[in-house]
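One structure is given below, encoded as C-alpha cells.
Number of protein chains: 2
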Amino acid sequence: MIPYPQMSSEEREAEYQHLLAQFEDLKAQNLKLNMARGKPGEDQLNLTRGIFDIMRSPEDYLSDGIEVRNYGEMTGLPAAKRLFAEVLGCREDQVFVGGNASLQLMYDTVAKGYTHGLLHSSRPWCKEEKLKWLCPAPGYDRHFKITESFGFELITVPMTDNGPDMDMVENAVKDPAVKGMWTVPKYSNPDGIVYSEETIRCIASLKPAAPDFLLMWDNAYCIHDLEDGCETLPDILTLCASYGNPDMVFEFASTSKITLPGAGISCFACSEDNMTYMKKLLDAQVISYDKVNQQRHVLYLKDKAHMIELMRKHAEILRPKFQCVLDALNQEIAPLNIASWRHPKGGYFVSLNAMPGTAKRTLVLCKEAGVTMTNAGATFPYGKDPQDSNIRIAPSFPSVNELKKAVSVLCVCLKLSALEKLNKQ
Amino acid sequence: MIPYPQMSSEEREAEYQHLLAQFEDLKAQNLKLNMARGKPGEDQLNLTRGIFDIMRSPEDYLSDGIEVRNYGEMTGLPAAKRLFAEVLGCREDQVFVGGNASLQLMYDTVAKGYTHGLLHSSRPWCKEEKLKWLCPAPGYDRHFKITESFGFELITVPMTDNGPDMDMVENAVKDPAVKGMWTVPKYSNPDGIVYSEETIRCIASLKPAAPDFLLMWDNAYCIHDLEDGCETLPDILTLCASYGNPDMVFEFASTSKITLPGAGISCFACSEDNMTYMKKLLDAQVISYDKVNQQRHVLYLKDKAHMIELMRKHAEILRPKFQCVLDALNQEIAPLNIASWRHPKGGYFVSLNAMPGTAKRTLVLCKEAGVTMTNAGATFPYGKDPQDSNIRIAPSFPSVNELKKAVSVLCVCLKLSALEKLNKQ
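Chains as they are written, first to last, in this note's numbering: chain A, 242 to 666; chain B, 242 to 666.
Structure representation (C-alpha cells):
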C-alpha cells in the first residue's frame, strides 16, 4: 500500500470511492458501538461478585473496634486508610478515605481553594482577580472541566514521552495567578505515558510563585498495569516534602477500576498540615462517608498483594482488547502514514493522533456509522484541540468482537477523512 | 417537693448538700454515657441486617435496564427516585438521588450558590458584599455551621409551637442580603415541632427581596414517627409553585435513620428548572453516586408502605427511650419549676429549656459525672444560646438502662446548677 501523502490524486480518488462503498456497507449494518468512555466491561464487573455478600456476620460490622454501620469517623476507617497507604506508598495518617468517586474529592479540593482558600492561601481563590491552571494535554476532560467550571484560565502544557513539558511548567509557575496543575502520573489519560523519574522530581521541586499552588496528583491507574513487572512510581508526598514542598500536593486514587465503577471507595492523601486544615473545613460538610462500603472493600481486597492479583485478572480481560485496537491500527493505518499512536502498558486508553485537521471529521463519520467515540477535542482544555488531531480510544467496554467491528469502522473513517483533507490541499 | 424558686435559702442549701452527695456517688461510678448525637442504637442497626446480602443474583444488577455496577446515571436510578418521590409526595423527575448523606447535598447546594450562583442569582454569592441567612433556633447545629462556614451572618429566628416566627421571617426577607433559611419542618431538630399548615403556607408564599432566596427544606424526619397516625406534611414543591415560587425551595431527605446511618442513600427534590440548572453544574463534579447502594435500598425498602412498617419497628425501639427521659424529667424536675421541655411525637430529640443561665453549667457537671451531651449553645447560631438555657437530649443511642442512669445524672446536674444560680441571685 502506498502511503496516502505519496499517492497521486487519481489514486486517492480511487481509494476514496472504494472506501465510500465500504462505509455505506458499514452504515447499512446499523451498528451501535461505544468506545467513548473508560468503562470496565461486564466481564470485569463480574470479577468482583464476591464483594456483594462479603459482610455476613456481626463481627464484620466492626473494624478496629469501630461500628461501621453508624455515624462517625469522618476521615474514614483506619483499615481502609492502611489499604490505600500500602498501595500508594504513603503513611496511613496521610490518607483520607472518601466515598464512591475520587473525582468528587478532586472537585471538592479545588472548590475548597475557591471558597475558603488552601492552607497557604492569603485569601480564597474566589477573591482573586485572575486564576490560571496548568493542563498537560492531551489530558482528562473531566479534570479540565472542574477548573473551567470555577473560571480558571486553562493553560495547555504539551505532553512529552516523559510527562508534561517541564520547561514550560517551570516558566508558567512564575506567574502567581497560576494556582495549580492537573497530572495523571501513571498511564496518563489518554496517552498512557508514565512520567519519568526526572519529570516527577522536577514537578516535586517546583518553586511556584503562588504559595498555595496545588499539584493535583491523580494516581487513577496506580496498579492498573496490562503486563506484569510494570514500574512503581516514587511516593509523591515524600518527594515533595524532601524538596521543601510538603503541602503542595494532593494525591488521589480510587477502586473504581479495581472493584466497581461508581460503587468503589476513593481517597486523597496529603501532608499532615494539609490534613489538619482540610479536616477543619470538611467538618462543616461531612459526618462520614460510607464506612460500610469501606469495610466491604477492606474485607474483599485484603492487601496490596491481593489487589495486584485481582488487577492481573482485569489485565487478562483488557489485554486482548488493547491488542485488537493496536493490531487493526498497525495493519490498516500504519502503512498509510496518516496517523500515529502509542502502545500503553496500562490504563484505559489508546491515544491516536490523526492527520491534523481530521479528528472531528473522523468522529462525525464514526457516528454516522454507529460508533460513538469521545468527542474530538475533549482531551484538550475547553474541548478544543488546536491541531484537531487527537482521538481517544477507550477499548474496555465493548467485547472483543464488537471492538473489532468498531475499530474497523474507525479505520475506514480515518482513511476517508485523511483523503478528504489531502484532496483539499 | 417545694419548687426551688420558692424555697428559703436554708432549704436550698440543705438540698444542695444532699445533691452534692448524690453527685459524688455518681462520679464514683466512672460512668461513660453519651446522649450527644442522634445516633440510632445497635438494636436499630440490626433491623436492617437483610440489606447486606439483598443483591444476590445477576438480575439484581439491573434496574429499569440500567447496569447499576457501572458508571453513569448522574441523577440516580429511576427506581430510587420513585421511592423518594412516593415518600415525599413529589414527582419522580423532581428527585436527584445522591450518596450516603443529605448533609453533603445540602452543603453542596449552598456551595453552588456561593461559587456559581443559583438559577435566579445575578452573580455568585461569593461576589456579594454581605450575605445573611435565617436560622430558626433552637435548630440543627450542622445546618448553622454550613452557612457559617461560607461567611453568612446568621440571623436567629425564634421558634414557636407552630414553627419559625413568621412575622420575623416575613420582615427579614425584605433585606436582599438574606439569601435563605434553614428549616426542619417535621419534628424539628431539637424541639420536635411540626410546622403548622398555616406556617408552611406562609413560608411557601414568602416574597423575598433576593430573587435567589433558597429555602432549605430538610425533611429529615419525614416518616420518623414515634406513634401511628402522625400527620403528613403537604408537598412543599407543589405549595411553593402554587404561590409563584417554584424555584425557591430545595427539599432534602435520606435513609440514614431508616436503614443505616452514614451508609444509606439521600436525595434532593426541586423544580424542573432548578434540576436542569443543577445538573449542568453537577456535571463537572459527579459521574454518578453509588448506584449499587441505591439498588440495595430499592430492593430492600420496596415502597413507602414497606418503609412505614420498618419505621414502626424503629419506633418500638425508640418509644421506651423517649419515655424513659420524659418520665425522669416529669418525676424529678417538673415539681421544681426549674425547666420545661416538649413531648415530641417523632424525630430524635427531647429539647429541654433549663433555667436561663444554667445550661452550660449543667453540662459541665454532666461531663464531670461521665455523661456526654451536645454542647450547650449548639442549637443556636454560632453555638451561642443567648439565654444559656437550651439542652438537646438525644436518647436514641444508649440502651434504656444506660439512659436511666444518664438521665438521672442529668437531673441531678440540672438541680445543682439551678440551686447555684438561685443562690447567687
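Quick reminder that beta carbons are idealized off the backbone N, C-alpha and C, glycines included.
Residues of chain A whose Cβ lies closer than 7 Å to the Cβ of B:Cys652 do not exist, since the nearest Cβ in that chain is about 27 Å away. Secondary structure at B:Arg310: coil, using DSSP grouped into helix, strand and coil. Taken atom to atom, the span from the alpha-carbon of A:Ala277 to that of A:Thr615 is near 4 Å. In this structure, B:Leu467 sits near B:Phe563, with a CB-CB distance shorter than 9 Å.
B:Met457 is positioned such that its CB atom lies closer than 9 Å to that of B:Phe493. Under DSSP, A:Met276 shares a beta bridge with A:Met614. Contact between the region 581 to 591 of chain A and the region 433 to 442 of chain A is established, with three or more Cβ pairs separated by less than 8 Å. Residues of chain B whose Cβ lies closer than 7 Å to the Cβ of A:Val533 are, in chain order, Leu501, Ala504. Judged by beta-carbon spacing, A:Tyr462 lies beyond the 9 Å limit of A:Val338, meaning their Cβ atoms are not closer than that value.
A straight line joining the alpha-carbon of B:Gly611 with that of A:Val539 spans about 34 Å.
By the beta-carbon neighbour count (other beta carbons within 10 angstroms, threshold 16), B:Thr517 is exposed. Across the structure, B:Glu300 and B:Val490 are spaced so that their CA atoms are roughly 37 Å apart. Distances from the CA of A:Asp305 to each of A:Gln666, A:Phe509, A:Gln536 were compared; the closest alpha carbon is that of A:Gln536. Per DSSP, the unbroken alpha helix (DSSP H) holding B:Phe264 starts and ends at 250 to 269. The three-state reading of DSSP puts B:Asp305 in coil, since its state is none of H, G, I, E or B. At least 9 Å separates the CB of B:Met457 from every CB of chain A.
When only Cα atoms are considered, A:Glu389 and A:Cys376 end up about 11 Å apart.
Pairwise C-beta distances place the region 252 to 268 of chain B out of contact with the region 630 to 643 of chain A, as fewer than three of them are shorter than 8 Å. Apart from sequence neighbours up to five positions away, the residues of its chain that approach A:Pro405 with a beta-carbon distance below 6 Å are Pro377, Val398, ordered along the chain. Ranking A:Glu557, A:Ser658, A:Val650, A:Ala647 by CA distance to the CA of A:Asp629 puts A:Ser658 first. The criterion of a C-beta distance shorter than 9 Å is satisfied by A:Leu344 and B:Ile528.
Taking the C-beta atoms as reference points, B:Gly503 is found nearer than 9 Å to A:Arg310. Residue burial annotation: B:Asp382 is buried, with at least 16 other C-beta atoms found within 10 angstroms of its C-beta. Within the DSSP secondary-structure output, B:Ile632 pairs in a beta bridge with B:Leu593.
Taking a contact as a CB-CB distance under 8 Å, the pair A:Ile396 and A:Lys371 does not count as one, their CB atoms being some 12 Å apart.
Per DSSP, B:Cys443 is one residue of the alpha helix (DSSP H) stretching across 438 to 445. By the rule that beta-carbons nearer than 9 Å mark a contact, A:Gln564 does not touch chain B. Membership of A:Val336 in the beta strand (DSSP E) is indicated by the continuous run 336 to 338. The beta carbon of B:Gln666 sits no closer than 9 Å to any beta carbon of chain A.
A:Cys508 is bridged by DSSP to A:Val338, A:Ala494.
B:Pro244 counts as exposed, since fewer than 16 other beta carbons sit within 10 angstroms of its beta carbon. Shown here for B:Lys353: same chain residues with a beta carbon closer than 6 Å to its own, the five before and five after excluded, namely Leu522 in chain order. B:Ala580 has B:Ala595 as its beta-bridge partners, per DSSP. The region 344 to 417 of chain B contains, as complete beta strand (DSSP E) runs of 3+ residues, the segments 373 to 378, 394 to 401 (chain order). Proximity of B:His538 to chain A, defined by a Cβ-Cβ separation below 9 Å, is not satisfied. For B:Gly313, a Cβ of chain A is located within less than 9 Å of the residue's own Cβ.
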